[in-house]
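Notes for the one structure printed next.
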Amino acid sequence: MLELAIGIILGCCALGAGICMGIGAIGPGMGEGQAVSKACEAIGRQPESKGAVTSTMIMGCAVAETTGIYSLVIAILLIFVAPGLMVDILKSAL
Amino acid sequence: MRKVEAAVWRETIYVVCWTAVLSVLLQAVFLILGKWDLTVLFGNLWGAFASVLNFFLMGLGVQNAVAKEDPKDAKKVLQLSQSMRFLLLALFAIGGVLISLFHTVAALVPFVFPQFGMLFRPRFGGMDKEGGA
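Chains A and B are the protein sequences, given in the same order. Residue numbering for the first sequence is 1 to 94, as defined by my numbering. Residue numbering for the second sequence is 95 to 227, as defined by my numbering.
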């Protein structure tokens, strides 16, 4: 019974990490791609604004990436830290 | 090899400063909680290095992307850059968790320091007329 519970915990943690990273990385990827394509169009129209656009783009990309990095950290915790904690809690409860 | 633009250096230096300040705060929090040891310091350095490296590579990716004439090419360049950087960050994060020399929390928390700094970027001046909005 304990082995089954541990197996379920490990499976759920792995599944959660996969979903977290999979969904979390979609937003930044799409957002950054969209932003840079618009930046290219802007530079095409006004080539002299390249420095300003680059600087603003770096800031925008950093902010857009935040959710992806949160997801990455949570996924790593779910894979490497959470299973051990959950199993310890389970064992102490039984 | 393409020259790194001044805007990328400037933003990276800003992020390094923010990361340093927030790292000191993180160390202080661990000291106050009474859980400070050398693994916290090493973990913090590891995570801070990874996050600054990620930010610098992102700057290079943006620089390369805006140099493209076709918006579709630019999009692909930045998406590839993002995938590779996430892979790099994942390796650093796994290292931070698995290597016993590093405290897990102290290694993972600095990953968000550059983003935290960029949220306050407009408030702290720096975006001059030539280099920013």
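Here a beta-carbon is modelled for each residue, glycine too, at the ideal position from N, C-alpha and C.
Below-8 Å beta-carbon distance, GLU32 (chain A) vs any chain B residue: For the purposes of this step, residue 32 (chain A) is identified with residue 32 of the first sequence, where counting begins at 1. So, interface residue.
Positions along the region 46 to 59 of chain A whose CB lies within less than 9 Å of some CB in chain B: LYS50, GLY51, ALA52, VAL53, THR54, SER55, THR56, MET57, ILE58, MET59
GLU32 (chain A) in three-state terms, based on DSSP: Here residue 32 (chain A) refers to the residue found at position 32 of the first sequence. Here GLU32 (chain A) sits in helix by DSSP.
Supposed contact pair GLY22 (chain A) and THR67 (chain A) - C-beta distance, whole angstroms, cut 8 Å: For this step, residue 67 (chain A) is matched to residue 67 along the first sequence. For this step, residue 22 (chain A) is matched to residue 22 along the first sequence. 13 Å between Cβ atoms; not a contact.
Among B:PHE207, B:ARG217, B:ARG96, nearest to ASN148 (chain B) - alpha-carbon criterion: Position 54 of the second sequence, counted from the first residue, corresponds to residue 148 (chain B). Nearest option by C-alpha distance: B:PHE207.
Under 9 Å from the C-beta of VAL115 (chain B): neighbouring residues of chain A: Start at 1 with the first residue of the second sequence, and residue 115 (chain B) comes out as number 21. Here the premise fails: no neighbours, minimum Cβ distance about 16 Å.
Rounded Cβ spacing between LEU139 (chain B) and ALA159 (chain B) (contact assumed at less than 8 Å): Here the question's residue 139 (chain B) lines up with position 45 in the second sequence. Here the question's residue 159 (chain B) lines up with position 65 in the second sequence. So it is not a contact: roughly 30 Å between Cβ atoms.
Buried/exposed call for TRP103 (chain B), threshold 16 Cβ in 10 Å: By one-based count along the second sequence, residue 103 (chain B) stands at place 9. Exposed: under 16 other Cβ atoms inside 10 Å.
Interface flag, ARG215 (chain B) vs chain A, CB-CB below 8 Å: Translated into the one-based positions of the second sequence, residue 215 (chain B) becomes position 121. Taking Cβ atoms only, chain A reaches closer than 8 Å to ARG215 (chain B), which makes this a yes.
Cα-Cα separation, GLY88 (chain A) to PHE136 (chain B): For this step, residue 88 (chain A) is matched to residue 88 along the first sequence. For this step, residue 136 (chain B) is matched to residue 42 along the second sequence. In the sequence under discussion, the amino acid at residue 88 (chain A) is Asp, which differs from the Gly named in the question. Distance between the alpha carbons of ASP88 (chain A) and PHE136 (chain B): 27 Å.
Listed by chain order, chain A residues near PHE58 (chain B) by CB distance under 7 Å: Absent from the model: residue 58 (chain B). The displayed extent of chain B is 95 to 227, so no value can be given.
C-beta contact flag for MET59 (chain A) and ALA35 (chain A) at 8 Å: As a first step, residue 59 (chain A) is located in the first sequence; it is residue number 59 there, counting from the start. As a first step, residue 35 (chain A) is located in the first sequence; it is residue number 35 there, counting from the start. Contact flag unset, no.
Residue environment, GLY226 (chain B), which counts as buried when at least 16 other CB atoms sit within 10 Å: Here residue 226 (chain B) corresponds to residue number 132 of the second sequence, with the count starting at 1. For GLY226 (chain B), the predicted structure reports a pLDDT of 47, less than 50, and the residue's modelled location is therefore unreliable. The matter cannot be settled from this model.
Inter-residue Cα distance where the pair is ARG217 (chain B) and GLN46 (chain A): In the second sequence, counting from the first residue as 1, residue 217 (chain B) sits at position 123. In the first sequence, counting from the first residue as 1, residue 46 (chain A) sits at position 46. So the alpha carbons of these two residues sit roughly 26 Å apart.
Any C-beta of chain B under 8 Å from that of LEU10 (chain A): Your numbering for residue 10 (chain A) matches position 10 in the first sequence. It does not: the Cβ of LEU10 (chain A) has no partner Cβ on chain B nearer than 8 Å.
When B:ILE193, B:PHE196, B:LEU151 are compared against SER175 (chain B), the one with the closest alpha-carbon: Taking the second sequence and counting its residues from 1, the one referred to as residue 175 (chain B) is at position 81. Minimum Cα distance to SER175 (chain B) is reached at B:LEU151.
Rounded Cβ spacing between LEU77 (chain A) and GLY16 (chain A) (contact assumed at less than 8 Å): For the purposes of this step, residue 77 (chain A) is taken as the residue at position 77 of the first sequence. For the purposes of this step, residue 16 (chain A) is taken as the residue at position 16 of the first sequence. In fact, because the Cβ distance is near 10 Å, the residues do not count as touching under 8 Å.
Environment of ALA93 (chain A) [buried if 16+ CB atoms lie within 10 Å]: Indexing the first sequence from 1 puts residue 93 (chain A) at position 93. Under this definition ALA93 (chain A) is an exposed residue.
Status (buried if at least 16 other CB within 10 Å, exposed otherwise) for GLY7 (chain A): Start at 1 with the first residue of the first sequence, and residue 7 (chain A) comes out as number 7. Exposed.
Straight-line gap, CYS13 (chain A) to ASP131 (chain B) (C-alpha atoms, nearest Å): By one-based count along the first sequence, residue 13 (chain A) stands at place 13. By one-based count along the second sequence, residue 131 (chain B) stands at place 37. If I take the Cα positions, the gap works out to 29 Å.
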